[in-house]
Every structure is written in C-alpha cells, then in structure tokens.
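So for the sequence shown, the numbering used here puts the first residue at 48; every next one is plus one.
Here a beta-carbon is modelled for each residue, glycine too, at the ideal position from N, C-alpha and C.
Computed from a predicted structure; not experimentally measured.
Here is the structure we will look at, set down as structure tokens.
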Amino acid sequence: MDPRGQVAAITGASSGIGLAIARHLAASGAPVVLGARRADRLEESAEAIRRAGGSAEPVVMDVTSEDDVGRLVSRAQEVFGRLDIMVCNAGFGYYGTVEDTPPDVMRRMMDVNFFGTYLAARAALPIFRRQGRGHLILISSIVGRRGIAQMSGYSATKAAQVGFAESLRTEFAGTAIHVSVVLPVSTETEFRDAMTRDYGHSVRGLGPKQTADTVARAVVECIRRPAPEVYPHRASRGLTILSAVAPRFTDRLVRRYGRRREG
Ligand SMILES: NC(=O)c1ccc[n+]([C@@H]2O[C@H](COP(=O)([O-])OP(=O)(O)OC[C@H]3O[C@@H](n4cnc5c(N)ncnc54)[C@H](OP(=O)(O)O)[C@@H]3O)[C@@H](O)[C@H]2O)c1
Numbered sequence: 048m049d050p051r052g053q054v055a056a057i058t059g060a061s062s063g064i065g066l067a068i069a070r071h072l073a074a075s076g077a078p079v080v081l082g083a084r085r086a087d088r089l090e091e092s093a094e095a096i097r098r099a100g101g102s103a104e105p106v107v108m109d110v111t112s113e114d115d116v117g118r119l120v121s122r123a124q125e126v127f128g129r130l131d132i133m134v135c136n137a138g139f140g141y142y143g144t145v146e147d148t149p150p151d152v153m154r155r156m157m158d159v160n161f162f163g164t165y166l167a168a169r170a171a172l173p174i175f176r177r178q179g180r181g182h183l184i185l186i187s188s189i190v191g192r193r194g195i196a197q198m199s200g201y202s203a204t205k206a207a208q209v210g211f212a213e214s215l216r217t218e219f220a221g222t223a224i225h226v227s228v229v230l231p232v233s234t235e236t237e238f239r240d241a242m243t244r245d246y247g248h249s250v251r252g253l254g255p256k257q258t259a260d261t262v263a264r265a266v267v268e269c270i271r272r273p274a275p276e277v278y279p280h281r282a283s284r285g286l287t288i289l290s291a292v293a294p295r296f297t298d299r300l301v302r303r304y305g306r307r308r309e310g
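Next comes the structure, spelled out in structure tokens:
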C-alpha cells in the first residue's frame with residue numbers, strides 16, 4: 048500500500064519513535080493525526096510537519112481513556128475524511144526487581160502500554176472492517192519477544208502486545224486488514240528522560256542501538272509491504288530464534304546485553 052493519501056493516527060507522537068513515524072509518514076504523503084498528552088509538543092510537531100509540506104493534526108489525549116482514543120479517531124475522520132492506519136506506539140518503561148516495582152506502577156504500565164494498544168485497536172478496527180482494509184501497527188519491543196533482567200513488568204506489557212497482534216493477525220488472515228508488530232531494540236528517544244521525570248531513575252541499553260528514524264523507516268516500509276513482524280535492527284530477529292531453541296543460553300546472553308540502571 049503506497050502511504051501517499053493514507054490517513055494515519057499515531058499514539059505517543061509528541062516525541063521519539065512516534066514523532067519519527069509521523070514525520071516519515073507525512074514526508075511520504077500520508078496525512079497524520081498526532082496523539083499524546085503534551086499539547087505544546089504536539090502543536091510544535093504538527094506545525095513542523097506542515098512547514099515541511101505535510102498534513103498534520105494534533106490531538107491532546109491519553110491512551111488510557113476510551114473517550115480520548117475515540118476523539119483521536121474521530122478527528123482523523125473529520126479533518127482528513129478517513130482512517131487507514133493506526134499506530135499504537137504510546138508507552139513507557141520502568142527498571143527494577145519485582146519487589147521494587149510497586150503495584151500502581153505495574154498497573155499504570157499495563158494500562159498505557161497494553162490497554163492503550165487495545166483501546167486504539169478497538170477504535171480503529173470497526174472502521175477497517177467497514178472499509179474492508181486498513182493497517183494496525185503495534186510498537187512493541189524486542190523485550191516483548193525475549194524478556195530482560197530487571198524489566199519484568201515492562202517486558203510483560205510488550206509481550207502482551209505481541210500476543211494481541213498474533214491473535215488479531217490470525218482473525219484477519221487473508222483479508223486486506225493487516226496487523227503488524229514492530230520490535231525495536233534500544234532506541235535513542237526520550238524514553239530514558241520520561242523514566243527519570245516520572246520515577247527518578249533511568250536505564251542505558253547495553254546491546255545494539257538504533258535511531259528513531261531507523262524504526263520509522265522500517266514502519267513506512269511495512270506499510271508499503273505489510274509484514275507480520277518488523278525487526279528494525281535486523282540481527283535482533285536472531286535473538287527470538289535463539290531464545291526459542293536455547294532459552295537457558297539466551298538468559299545468560301541477555302544479562303550481558305540487557306539494560307543497566309543509571310541514576
Ligand atoms: N526507546 C527504546 O529503547 C524503545 C525500544 C523498543 C520499544 N520502544 C517502544 O517505543 C514506544 C515509544 O517510546 P519512545 O522510545 O519513543 O519513548 P518517548 O520518546 O518517551 O515517547 C513516548 C511517547 O508516548 C507518549 N505517551 C506516554 N504515555 C502516554 C499516555 N498515557 N497517553 C498518550 N501518550 C502517552 C509520550 O507523550 P506524552 O508524554 O506527551 O503523552 C511520548 O510521545 C514505546 O511503546 C516503547 O515501549 C522503545
């Protein structure tokens with residue numbers, strides 16, 4: 048599917064991977080609706096996209112609110128007349144042992160990372176069914192395929208997205224409704240800053256890294272040629288295979304290439 052003229056809604060589009068996807072999609076000719084909580088950042092980003100010749104509409108919203116997610120979708124239809132692509136990207140992380148992960152943080156992480164994905168899918172899929180086509184894209188993480196130490200809560204939320212995508216893909220197999228799950232490795236974004244702001248600590252990825260632009264390019268390519276699973280860092284697909292055939296060996300490997308707490 049050529050992204051030109053396809054209308055995309057993106058959650059978590061005020062920074063990082065979501066904003067990079069919005070920019071790349073807009074540059075490919077897709078009108079984009081940017082959803083997140085920080086109004087100033089959304090306005091700035093939408094304005095920058097428009098200045099660069101793209102079409103963008105900001106919507107201040109929280110993915111944990113069904114009403115807010117509904118407004119994101121309605122805005123796409125009001126302003127651009129349709130919705131073709133939903134990118135479920137909003138999310139955050141937390142580093143700590145299970146004992147150090149308070150239940151309210153775990154619930155919030157599941158609420159934003161998984162429940163937000165579910166609400167966005169639930170708002171977009173009826174439109175896709177009526178159209179007989181559409182593309183649901185879930186930004187999970189490589190840790191959703193292979194959990195890492197001290198991020199059990201975060202890994203669980205990302206694995207939940209993978210299971211959700213697999214189930215939906217099976218439901219829509221053979222139709223023009225595509226479901227893709229994207230599994231980035233450690234990416235330079237505001238992810239760490241958000242952890243410091245909200246929880247007073249941060250993590251550094253010890254393994255391979257990539258830019259948000261690399262992830263965004265992989266997402267645009269996945270819209271052109273729909274793929275069930277997208278590994279923007281190609282070699283990381285090997286970790287999924289290794290974990291399936293040699294889980295104990297992989298435990299030791301990912302301890303070395305996981306994340307380290309900073310601050
Ligand atoms: N960075 C990495 O190493 C990495 C690796 C693999 C996967 N990922 C995944 O990539 C996605 C994007 O993360 P990022 O790395 O780009 O981090 P980021 O720069 O911190 O972006 C997170 C985005 O989510 C939004 N957000 C957070 N809570 C929200 C809520 N309740 N409602 C609506 N929007 C919300 C934030 O905007 P507001 O604060 O304005 O709401 C922001 O736009 C996440 O799902 C993350 O798990 C990241």
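- For S249, no alpha helix (DSSP H) segment is defined; the enclosing uninterrupted segment is the beta strand (DSSP E) at S249 to G252.
- Rounded to the nearest whole angstrom, the C-alpha separation of R84 and D115 is 10 Å.
- Contact between the segment 298-309 and the segment 105-113 is absent: fewer than three C-beta pairs spanning the two stretches fall below 8 Å.
- Taking C-beta separations shorter than 6 Å and ignoring five residues to either side along the sequence, the partners of E90 in its chain run P105, following chain order.
- Given a length threshold of 4 residues, each whole run of the alpha helix (DSSP H) inside the segment 65-131 is given here in chain order: 86-98 and 113-127.
- Comparing alpha carbon positions, the residue from A99, A274, A86 and P231 closest to A282 is P231.
- The criterion of a C-beta distance shorter than 8 Å is satisfied by L81 and A103.
- With a cut-off of 8 Å on Cβ pairs, the segment 223-240 is in contact with the segment 53-66, counting three or more such pairs.
- A137 places its beta carbon 8 Å or farther from that of G117.
- Distances from the alpha-carbon of T258 to those of G221, A274, L289 and H280 put H280 closest.
- Annotation for M108 indicates a beta carbon within 7 Å of some heavy atom of ligand 1.
- I270 places its beta carbon 8 Å or farther from that of P78.
- Restricted to the segment 241-289, the alpha helix (DSSP H) segments that are unbroken, complete and at least 4 residues in length are 259-271, listed in chain order.
- Within its own chain, no residue has a Cβ closer than 6 Å to the Cβ of G128 once the five positions on either side in sequence are excluded.
- Under the 8 Å Cβ criterion, the segment 174-191 counts as touching the segment 212-226, having at least three qualifying pairs.
- In the three-state reduction of the DSSP assignment, V228 falls in the strand class.
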